[in-house]
Amino acid sequence: MKLKKFGAGVLAMAMAASMMVGCGETAPATTEAPAETPATEAPATTEATTEAAATEEAPAAEAKSIEATEITFWHAMNGNLETVLTQITDEFNANNEYGIKVTLVNQGAYGDLQTKLQASAAADALPDLAQAYNNWLTPYIDKVVKLDDFVATDFDNWDDIVSAYRDECSEFGFIHAVPYNKSTYVLFYNKTMFDELGIEVPQTWADVEAAAKTVMDSKNIAFIGYDDLAGAVEASLHQNGSDYVDATGALFNDEKGLETCEYLSNLYNNGYARLVGEDGYFSNVLSNQMIASYIGSSAGVSYIKAEGWDLGVAPIPGNVAKAANMAGTNIVMFSQDSNKQLAAWEYLKYITSTDAVVEWAVGTGYLPIRTSAYETDAYKAYMDENVCAKACYEQSKDFFFSPTFDASNDIRSTVPSTVEQLVYDKADAQKWLDTIVEAINAQY
Numbered sequence: 232m233k234l235k236k237f238g239a240g241v242l243a244m245a246m247a248a249s250m251m252v253g254c255g256e257t258a259p260a261t262t263e264a265p266a267e268t269p270a271t272e273a274p275a276t277t278e279a280t281t282e283a284a285a286t287e288e289a290p291a292a293e294a295k296s297i298e299a300t301e302i303t304f305w306h307a308m309n310g311n312l313e314t315v316l317t318q319i320t321d322e323f324n325a326n327n328e329y330g331i332k333v334t335l336v337n338q339g340a341y342g343d344l345q346t347k348l349q350a351s352a353a354a355d356a357l358p359d360l361a362q363a364y365n366n367w368l369t370p371y372i373d374k375v376v377k378l379d380d381f382v383a384t385d386f387d388n389w390d391d392i393v394s395a396y397r398d399e400c401s402e403f404g405f406i407h408a409v410p411y412n413k414s415t416y417v418l419f420y421n422k423t424m425f426d427e428l429g430i431e432v433p434q435t436w437a438d439v440e441a442a443a444k445t446v447m448d449s450k451n452i453a454f455i456g457y458d459d460l461a462g463a464v465e466a467s468l469h470q471n472g473s474d475y476v477d478a479t480g481a482l483f484n485d486e487k488g489l490e491t492c493e494y495l496s497n498l499y500n501n502g503y504a505r506l507v508g509e510d511g512y513f514s515n516v517l518s519n520q521m522i523a524s525y526i527g528s529s530a531g532v533s534y535i536k537a538e539g540w541d542l543g544v545a546p547i548p549g550n551v552a553k554a555a556n557m558a559g560t561n562i563v564m565f566s567q568d569s570n571k572q573l574a575a576w577e578y579l580k581y582i583t584s585t586d587a588v589v590e591w592a593v594g595t596g597y598l599p600i601r602t603s604a605y606e607t608d609a610y611k612a613y614m615d616e617n618v619c620a621k622a623c624y625e626q627s628k629d630f631f632f633s634p635t636f637d638a639s640n641d642i643r644s645t646v647p648s649t650v651e652q653l654v655y656d657k658a659d660a661q662k663w664l665d666t667i668v669e670a671i672n673a674q675y
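Mapped onto our numbering, the consecutive letters of the sequence shown carry residue numbers 232 to 675.
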């Protein structure tokens, strides 16, 4: 396909626009929210059942002859995100050799997009392409086009896609999507406070506990908070070498699980960690210097107002292992027309090419989906100026995604309130373990 390279001027303009954004969204239509809720930036979910068969394998794009056609792409990108997506799409429309026109349709927030996709699936009126989380797809997975043949015969190095993203896009037993707007959880911290107290950025749970004691003794405030309590439990279990859940139930009712609950319960019971309360998100609390650090989505960095102090961003501390929640949607193909499938694949190849990935990442603050993008001069320059992007890259090998199965949404809904009550009750580790396991298993 005859598509021009992105010019240096375009990248420079995108970089200038994004330096104020960090790894976050600019002027989103919805407020900042912890990852993984249906209406927000979220780690999708793995290990799905495959009872519903997907549509027949899409035709491989070999020696293709594509007729001019229009492709509809439903998305939930707003503000600057929509501007950059439109810019990339306009370039594809102007330069592809087949006369393909991709029409972007903004469906509002993620929750709106999810609702409209579900209704359209029931009416057999799905778009050609759409952003989606894996856990949205289970009711209509049979309508998703398998992309295995496309990837095998007509994709530039699938192995160049970050491995965790590849795994997420094939968790139903076939390649059902390509990754796109991705973020991860990181540790945001008050660098000025850390420097004042001589605190090194924590690498381990022991480091967290030691730094938390220093902050409590000196400032009488909590050291850490978690925007996503369910994500905190899941990530902490992985950091301790334990699994979390699968389609059969909780997998951590053992010594590893108890150790994890001991770590978390001790943080809260000692005042080293706190709940967010009426502030809604810890970006507000950190901005007001009422906490030393918090773990939240990199997509929320633009909400932190570091006035009179310096912001630091680092990979999430670990224990026996490192593990970082990843977030963001993938792009799914629904078109059942063979010519439209070929046309849609041309667009997907284009927007996931290294050049387009760099333009998207630099312009929006989302993470590159290709390892080669991290090695480009443009993205290296971006990371040199952006501590959030650099921290995300440093832990990209540690990404994990949550499993998708019938109970996964219910689990994500019940764990946060369960943890909150345990914190209020100042429960011990065994009570944490028993209560969380029981709450999770009750959702099956």
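In this text, a Cβ means the ideal position worked out from N, Cα and C, and glycines have one as well.
Would you grab the beta carbon distance between residue i and residue j for me? Rounded to a whole angstrom, and I think it's under 8 Å.
{"i": "valine 654", "j": "leucine 489", "result": "That pair is no contact at about 17 Å."}
{"i": "serine 467", "j": "tyrosine 503", "result": "That pair is no contact at about 14 Å."}
{"i": "asparagine 311", "j": "tyrosine 597", "result": "That belief does not hold up - the Cβ atoms of asparagine 311 and tyrosine 597 are roughly 11 Å apart, past 8 Å."}
{"i": "glycine 543", "j": "valine 618", "result": "7 Å"}
{"i": "serine 569", "j": "threonine 585", "result": "That pair is no contact at about 28 Å."}
{"i": "valine 476", "j": "isoleucine 642", "result": "6 Å"}
{"i": "phenylalanine 331", "j": "alanine 673", "result": "Position check: residue 331 holds isoleucine in this sequence, whereas phenylalanine was assumed. The pair is not a contact, with the Cβ atoms about 49 Å apart (cut-off 8 Å)."}
On the three-state DSSP scale, how would you describe residue i?
{"i": "glycine 531", "result": "helix"}
{"i": "glutamate 298", "result": "coil"}
{"i": "methionine 308", "result": "coil"}
{"i": "serine 584", "result": "coil"}
{"i": "valine 336", "result": "strand"}
{"i": "alanine 558", "result": "strand"}
{"i": "valine 432", "result": "coil"}
{"i": "glutamine 661", "result": "helix"}
{"i": "serine 414", "result": "strand"}
{"i": "isoleucine 392", "result": "strand"}
{"i": "glutamine 362", "result": "strand"}
{"i": "glycine 594", "result": "helix"}
{"i": "alanine 354", "result": "coil"}
{"i": "glycine 549", "result": "strand"}
{"i": "proline 259", "result": "Bear in mind that the predicted position of proline 259 carries a pLDDT of just 34, short of 50, making it too unreliable to give a figure here."}
{"i": "valine 375", "result": "coil"}
{"i": "threonine 314", "result": "helix"}
{"i": "glycine 543", "result": "strand"}
{"i": "threonine 607", "result": "coil"}
{"i": "threonine 303", "result": "strand"}
{"i": "asparagine 421", "result": "strand"}
{"i": "phenylalanine 381", "result": "helix"}
{"i": "phenylalanine 403", "result": "coil"}
{"i": "phenylalanine 323", "result": "helix"}
Just the Cα atoms here: how many angstroms apart are residue i and residue j?
{"i": "alanine 383", "j": "serine 351", "result": "30 Å"}
{"i": "valine 532", "j": "phenylalanine 419", "result": "8 Å"}
{"i": "lysine 628", "j": "valine 409", "result": "19 Å"}
{"i": "leucine 428", "j": "asparagine 451", "result": "13 Å"}
{"i": "methionine 424", "j": "methionine 447", "result": "12 Å"}
{"i": "glutamate 322", "j": "lysine 347", "result": "28 Å"}
{"i": "lysine 621", "j": "methionine 614", "result": "5 Å"}
{"i": "glycine 339", "j": "histidine 306", "result": "8 Å"}
{"i": "asparagine 327", "j": "aspartate 398", "result": "30 Å"}
{"i": "tyrosine 210", "j": "aspartate 380", "result": "Here the chain has residues from 232 to 675 only, and residue 210 is not among them."}
{"i": "glutamine 345", "j": "lysine 374", "result": "15 Å"}
{"i": "alanine 612", "j": "glutamate 465", "result": "33 Å"}
{"i": "aspartate 659", "j": "aspartate 485", "result": "15 Å"}
{"i": "alanine 587", "j": "tyrosine 578", "result": "11 Å"}
{"i": "isoleucine 671", "j": "asparagine 365", "result": "20 Å"}
{"i": "lysine 377", "j": "phenylalanine 483", "result": "34 Å"}
{"i": "lysine 553", "j": "aspartate 343", "result": "34 Å"}
Going by Cα to Cα distance, which pick from the options is closest to residue i?
{"i": "glutamine 626", "options": "Gly339, Lys571, Asp379 and Thr415", "result": "Thr415"}
{"i": "lysine 571", "options": "Pro358, Asn365, Glu493 and Gly472", "result": "Pro358"}
{"i": "leucine 498", "options": "Trp436, Ile582, Ala554 and Asp474", "result": "Trp436"}
{"i": "valine 668", "options": "Tyr329, Thr491 and Ile430", "result": "Thr491"}
{"i": "tyrosine 525", "options": "Trp591, Phe454 and Glu486", "result": "Phe454"}
{"i": "threonine 314", "options": "Tyr329, Cys619 and Ala592", "result": "Ala592"}
{"i": "histidine 407", "options": "Ala604, Ser566, Ser644 and Ala609", "result": "Ser566"}
{"i": "methionine 557", "options": "Asp380, Ala354 and Phe631", "result": "Phe631"}
{"i": "tyrosine 329", "options": "Glu301, Gly472 and Ala481", "result": "Glu301"}
{"i": "tyrosine 676", "options": "Trp663, Trp540, Ala660 and Thr645", "result": "In this structure the chain extends from 232 to 675, so residue 676 is not present and cannot be described."}
{"i": "lysine 422", "options": "Ser518, Ala463 and Phe386", "result": "Ser518"}
{"i": "glutamine 520", "options": "Pro634, Gly511 and Gly539", "result": "Gly539"}
{"i": "phenylalanine 636", "options": "Ala481, Glu431 and Ser603", "result": "Ala481"}
{"i": "threonine 334", "options": "Ile600, Thr595, Gln349 and Leu316", "result": "Leu316"}
{"i": "aspartate 510", "options": "Tyr534, Ser496 and Ser529", "result": "Tyr534"}
{"i": "asparagine 337", "options": "Phe304, Asp387 and Ser529", "result": "Phe304"}
{"i": "cysteine 623", "options": "Asn515, Tyr605, Lys487 and Thr320", "result": "Tyr605"}
When every heavy atom of the ligand COA is checked, does at least one fall within less than 8 Å of the C-beta of residue i?
{"i": "leucine 418", "result": "The ligand content of the structure shown is nil, which means the ligand COA is not present either."}
- prompt: Counting only runs that start and end within the stretch 448-528, where is the beta strand (DSSP E) found for 3 or more residues in a row?
  reply: 524-528
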